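S.K.: A single structure is presented below for examination.
Number of protein chains: 2
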Amino acid sequence: MPLPSSTVENYLKTIFKAQSAQQDRKRLVPMGHLAHALGVVPGTATTMVKALAESGLVDYEPYAGVRLTPAGEKLAALVLRRHRLMELFLVKVVGMSWAEVHDEAERLEHAASDKLIDRIDTMLGCPATDPHGDPIPDSSGSMVTPDYQTLLTCPLGETVVLTRVTDQDATFLRFLEGNSLKPGQMLRVETRDDAADQVVVRGRNNRQIAIGMRAAAKLQVVPAGYGAEAAGVDSPA
Amino acid sequence: MPLPSSTVENYLKTIFKAQSAQQDRKRLVPMGHLAHALGVVPGTATTMVKALAESGLVDYEPYAGVRLTPAGEKLAALVLRRHRLMELFLVKVVGMSWAEVHDEAERLEHAASDKLIDRIDTMLGCPATDPHGDPIPDSSGSMVTPDYQTLLTCPLGETVVLTRVTDQDATFLRFLEGNSLKPGQMLRVETRDDAADQVVVRGRNNRQIAIGMRAAAKLQVVPAGYGAEAAGVDSPA
DNA sequence: ATTATATTTTTGAACAATCAAAACCGATAC
DNA sequence: GTATCGGTTTTGATTGTTCAAAAATATAAT
Chain A
-8 MPLPSSTVEN YLKTIFKAQS AQQDRKRLVP MGHLAHALGV VPGTATTMVK
42 ALAESGLVDY EPYAGVRLTP AGEKLAALVL RRHRLMELFL VKVVGMSWAE
92 VHDEAERLEH AASDKLIDRI DTMLGCPATD PHGDPIPDSS GSMVTPDYQT
142 LLTCPLGETV VLTRVTDQDA TFLRFLEGNS LKPGQMLRVE TRDDAADQVV
192 VRGRNNRQIA IGMRAAAKLQ VVPAGYGAEA AGVDSPA
Chain B
-8 MPLPSSTVEN YLKTIFKAQS AQQDRKRLVP MGHLAHALGV VPGTATTMVK
42 ALAESGLVDY EPYAGVRLTP AGEKLAALVL RRHRLMELFL VKVVGMSWAE
92 VHDEAERLEH AASDKLIDRI DTMLGCPATD PHGDPIPDSS GSMVTPDYQT
142 LLTCPLGETV VLTRVTDQDA TFLRFLEGNS LKPGQMLRVE TRDDAADQVV
192 VRGRNNRQIA IGMRAAAKLQ VVPAGYGAEA AGVDSPA
């Protein structure tokens, strides 16, 4: 009944992201995963999740895990909307760096009113994605999550456009920025070597960049020439 | 030792404002006033103030009241800085209305990092005052608080510039906005009538505006032609 | 089927912030 | 001086969020 606390918002958001990350988004999220993602001990997550279930925001099956109800899903999507619009705003309008907006937005998302968020949305022209390529839910809480390939799964030798980076760690983002690996950038995967744990891509100015496979899996791409994503693209050759 | 919670920040801010509002800013602020301003029962304020005294942020004299220590004063000033820069930012950059930014800033001030605040400060050109004319402390926490006259005390018939509005109530601010009574506006006080509880001023486009004395006391002014305040001023005649 | 292992839940306790209501000052009024 | 009254403090309790450690459970291994 009262507005959700920022703690509740964080639980919902984390469950939402965990569900999105697993192939079958209807599957239960294990308590351990949730607790770890939130930085609390498992017992704390159990307590909180039981309360969320009380409020009808999640379905909870003891010893199995949690899943958002439609109500919880909507709330979570709106938190994500606030977060992602805020990130884009901080980059585009305030001029903050790609790498530092995540933490800032992490706090501001709980303080910004709907009025402010809608104003930012208008100001930015109702953008579809944030600076990391994450889709921005609309004000009703719905969102399209395209199922991109990654640098690990895309065809070798073909030109692709980097569309999304699924890790917000500042150090990682600074590394990517230093190598011009930002959404919109065109790339070609040259080689993959399982044994060496390496993926070599050719990027901006025809430069070669080698990254590990764990990192490569976080870079999502779409075949070049797929509509509007090409805005601001820089050819690899 | 840990960073102050937003509750603590609000207590400090409120004590700071109460001290500024009384003529002798060194006087103790009564618990009742503090509790009322914060919307808590007196007992709650007592408990919290004792904790603040423990941390060295306030001096507390039982049954007498509370006063900020230098450390508490600095913290409070920095909260005010965040609040006021945020308000100005919301008006100037985001395009929100004068009347609605206070509540928004009231929440954002606790979530914005120093980095963000400094960026906003630079972006706005290190402004001296917020949209209500309240002075903005610098990043070291110092601030000049000029001792303005009000529409109740300024000389009759002389042209003055509205410099500050000491009430953030949205309805009141909308009323002022509707009558072009915003900082920078030139005015002349035509008459004051104690019995009728009325002050009549001539403002923008030579229009006459009558306001009550309680409201008049909240409008601070400076004699016309006092330096830089004249930016964006509209003559009353 | 029984045991071992990893995960999860429970229990008991803590901390921050709050309220209601009883007890307690301190300044005034007689 | 004693009574009175408004403001203040104390006391006891509640809510939300968290942890540590003990107890319980599910799953996999023998």
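Chains as they are written, first to last, in this note's numbering: chain A, -8 to 228; chain B, -8 to 228. Even glycine gets a Cβ: it sits at the ideal position worked out from N, Cα and C. Since the structure is predicted, the reported quantities are computational estimates derived from the model, not experimental observations.
Where do the ends of the alpha helix (DSSP H) carrying A239 of chain A lie?
M.R.: The requested residue 239 of chain A is not part of the displayed model; chain A covers only -8 to 228.
S.K.: DSSP has M177 of chain A in a bridge; who is on the other side?
M.R.: By 1-based counting over the first sequence, the position of residue 177 of chain A is 186. Answer is A:V152.
S.K.: So, are the CB atoms of A62 of chain B and G47 of chain B less than 8 angstroms apart?
M.R.: Here residue 62 of chain B refers to the residue found at position 71 when the second sequence is read from its first residue. Here residue 47 of chain B refers to the residue found at position 56 when the second sequence is read from its first residue. Yes, the Cβ-Cβ distance between A62 of chain B and G47 of chain B is below 8 angstroms.
S.K.: So, are the CB atoms of L164 of chain B and A90 of chain B less than 8 angstroms apart?
M.R.: Residue mapping note: residue 164 of chain B aligns to position 173 of the second sequence, counting from 1. Residue mapping note: residue 90 of chain B aligns to position 99 of the second sequence, counting from 1. It is a contact, given that the beta carbons lie within the stated cut-off.
S.K.: Alpha carbon to alpha carbon, how far is E52 of chain B from T182 of chain B? Give it in angstroms, no decimals.
M.R.: Residue numbering aside, residue 182 of chain B sits at position 191 when the second sequence is read from its first letter. Residue numbering aside, residue 52 of chain B sits at position 61 when the second sequence is read from its first letter. When rounded, the distance between both Cα atoms is 44 angstroms.
S.K.: Suppose the cutoff is 6 angstroms on Cβ atoms and the five residues either side in sequence are ignored; what does the same chain contact list for Q211 of chain A look like?
M.R.: Along the first sequence, one-based indexing puts residue 211 of chain A at 220. Excluding sequence neighbours, Q211 of chain A sits near Y139, T141, T154 and R155.
S.K.: Below 8 angstroms on the Cβ atoms is my contact criterion, and I expect P122 of chain B with V135 of chain B to pass it. Report the Cβ-Cβ distance as a whole number of Å.
M.R.: Locating residue 122 of chain B in the second sequence gives position 131, where the first residue counts as 1. Locating residue 135 of chain B in the second sequence gives position 144, where the first residue counts as 1. Approximately 18 angstroms separates the beta-carbon atoms of P122 of chain B and V135 of chain B; this is outside 8 angstroms, ruling out the contact.
S.K.: Please confirm whether L29 of chain B has its beta-carbon closer than 8 angstroms to some beta-carbon of chain A.
M.R.: Position 38 of the second sequence, counted from the first residue, corresponds to residue 29 of chain B. Not an interface residue.
S.K.: Can you tell me where the beta strand (DSSP E) holding D50 of chain B begins and where it ends?
M.R.: Here the question's residue 50 of chain B lines up with position 59 in the second sequence. Element bounds for D50 of chain B: V49 to E52.
S.K.: For G194 of chain B, does the three-state DSSP call read helix, strand or coil?
M.R.: Counting from 1 along the second sequence, the entry for residue 194 of chain B is found at position 203. Residue state for G194 of chain B is assigned as coil, using DSSP reduced to three classes.
S.K.: Residues in its own chain within less than 7 angstroms of V49 of chain B by CB, not counting five upstream and five downstream?
M.R.: For the purposes of this step, residue 49 of chain B is taken as residue 58 along the second sequence, with counting starting at 1. Cβ within range, chain order: I6, V40, L43, V57, R58, L59, T60 and G63.
S.K.: Please check the pair E95 of chain B and H74 of chain B, which I expect to be a contact at CB under 8 angstroms, by giving their CB distance rounded to whole angstroms.
M.R.: Here residue 95 of chain B refers to the residue found at position 104 when the second sequence is read from its first residue. Here residue 74 of chain B refers to the residue found at position 83 when the second sequence is read from its first residue. In fact, because the Cβ distance is near 10 angstroms, the residues do not count as touching under 8 angstroms.
S.K.: Helix, strand or coil for V57 of chain B? Go by DSSP, reduced to three states.
M.R.: Taking the second sequence and counting its residues from 1, one reaches residue 57 of chain B at position 66. Here V57 of chain B carries a strand assignment [DSSP, helix/strand/coil].
S.K.: Taking the C-alpha atoms as reference points, what is the distance between L115 of chain A and S130 of chain A?
M.R.: Within the first sequence, the letter at position 124 stands for residue 115 of chain A. Within the first sequence, the letter at position 139 stands for residue 130 of chain A. Cα to Cα, L115 of chain A sits roughly 14 angstroms from S130 of chain A.
S.K.: Helix, strand or coil for T136 of chain A per DSSP?
M.R.: If you number the first sequence from 1, residue 136 of chain A lands on position 145. Coil, per DSSP.
S.K.: Cβ of G86 of chain B less than 8 angstroms from any chain A Cβ?
M.R.: Indexing the second sequence from 1 puts residue 86 of chain B at position 95. Yes, contact with chain A.
S.K.: Between which two residues does the beta strand (DSSP E) carrying P33 of chain A extend?
M.R.: Position 42 of the first sequence holds residue 33 of chain A. Not the beta strand (DSSP E): P33 of chain A falls in the alpha helix (DSSP H), residues P33 to E45.
S.K.: Whole angstroms is fine: what's the gap from D112 of chain B's alpha carbon to E45 of chain A's?
M.R.: Here the question's residue 112 of chain B lines up with position 121 in the second sequence. Here the question's residue 45 of chain A lines up with position 54 in the first sequence. Cα-Cα distance, rounded: 45 angstroms.
S.K.: For Q189 of chain A, write down the residues that DSSP places opposite it in a beta bridge.
M.R.: Your numbering for residue 189 of chain A matches position 198 in the first sequence. A:D184.
S.K.: DSSP three-state label for L210 of chain B, please.
M.R.: For this step, residue 210 of chain B is matched to residue 219 along the second sequence. Residue state for L210 of chain B is assigned as strand, using DSSP reduced to three classes.
S.K.: Do we get a CB-CB distance below 8 angstroms when we pair H93 of chain A with the residues of chain B?
M.R.: Within the first sequence, residue 93 of chain A is the residue found at index 102, counting from 1. Chain B contact via Cβ: absent.
S.K.: Beta-carbon of L164 of chain A versus every beta-carbon of chain B: anything under 8 angstroms?
M.R.: Locating residue 164 of chain A in the first sequence gives position 173, where the first residue counts as 1. No, no contact with chain B.
S.K.: Quick one: which chain B residues come within Cβ less than 7 angstroms of A26 of chain A?
M.R.: On the first sequence, position 35 is the one that residue 26 of chain A refers to. Chain B residues near A26 of chain A: none, gap ~22 angstroms exceeds 7 angstroms.
S.K.: Buried or exposed for Y54 of chain B, going by 16 or more other Cβ atoms inside 10 Å?
M.R.: Counted from its first residue, the second sequence places residue 54 of chain B at position 63. When all chains shown are included, Y54 of chain B counts as exposed.
S.K.: When the Cα of P118 of chain A is compared with those of A:A207, A:K83, A:V(-1) and A:K17, which residue comes out closest?
M.R.: Sequence index remark: in the first sequence, residue 118 of chain A carries index 127 (1-based). Nearest to P118 of chain A by C-alpha distance, out of A:A207, A:K83, A:V(-1) and A:K17, is A:K83.
S.K.: Give the secondary structure of V84 of chain B by DSSP, where H, G and I count as helix, E and B as strand, and everything else as coil.
M.R.: Translated into the one-based positions of the second sequence, residue 84 of chain B becomes position 93. Three-state DSSP puts V84 of chain B in coil, outside helix and strand.
S.K.: Give me the Cβ distance between M87 of chain A and L79 of chain A, rounded to the nearest whole Å; I'm assuming they're in contact under 8 angstroms.
M.R.: In the first sequence, the residue the question calls residue 87 of chain A occupies position 96. In the first sequence, the residue the question calls residue 79 of chain A occupies position 88. Actually they are not in contact, since the Cβ atoms of M87 of chain A and L79 of chain A sit about 11 angstroms apart, beyond 8 angstroms.
S.K.: Out of B:L143, B:A102, B:K209 and B:T38, which has the shortest C-alpha to C-alpha gap to L69 of chain B?
M.R.: Here residue 69 of chain B refers to the residue found at position 78 when the second sequence is read from its first residue. Comparing Cα positions, the closest option is B:A102.
S.K.: Could one say the Cβ of L107 of chain B lies closer than 8 angstroms to chain A's Cβ atoms, at least one of them?
M.R.: Start at 1 with the first residue of the second sequence, and residue 107 of chain B comes out as number 116. At a cut-off of 8 angstroms between beta-carbon atoms, L107 of chain B makes contact with chain A.
S.K.: For T157 of chain B, which of helix, strand or coil comes out of DSSP?
M.R.: What you label residue 157 of chain B is simply residue 166 of the second sequence in a count that begins at 1. The answer is coil: DSSP assigns T157 of chain B none of H, G, I, E or B.
S.K.: Could you name the residues of the segment 59 to 73 of chain A whose beta carbon sits closer than 9 angstroms to any beta carbon of chain B, in the order they occur along the chain?
M.R.: Residues of the segment 59 to 73 of chain A whose Cβ lies closer than 9 angstroms to any Cβ of chain B: none.
S.K.: Using a beta-carbon distance below 8 angstroms, is S104 of chain B in contact with chain A?
M.R.: One-based indexing of the second sequence puts residue 104 of chain B at position 113. By this cut-off, S104 of chain B is an interface position.
S.K.: Considering only residues of the same chain and omitting the five flanking positions on each side of N170 of chain A, which have a CB-CB separation below 6 angstroms?
M.R.: Working through the first sequence from its first residue, we reach residue 170 of chain A at position 179. Cβ within range, chain order: I200.
S.K.: Could you tell me whether any Cβ in chain B is nearer than 8 angstroms to the Cβ of H101 of chain A?
M.R.: The residue given as residue 101 of chain A occupies position 110 in the first sequence. Answer yes: the Cβ-Cβ gap between H101 of chain A and chain B drops below 8 angstroms somewhere.
S.K.: Between A:R205, A:A187 and A:Q176, which has its C-alpha nearest N196 of chain A's C-alpha?
M.R.: In the first sequence, counting from the first residue as 1, residue 196 of chain A sits at position 205. Taking only the C-alpha atoms, the option nearest N196 of chain A is A:Q176.
S.K.: Kindly list, in the order they appear in chain B, the residues whose Cβ is closer than 7 angstroms to that of R98 of chain A.
M.R.: Locating residue 98 of chain A in the first sequence gives position 107, where the first residue counts as 1. Here the neighbours are A102.
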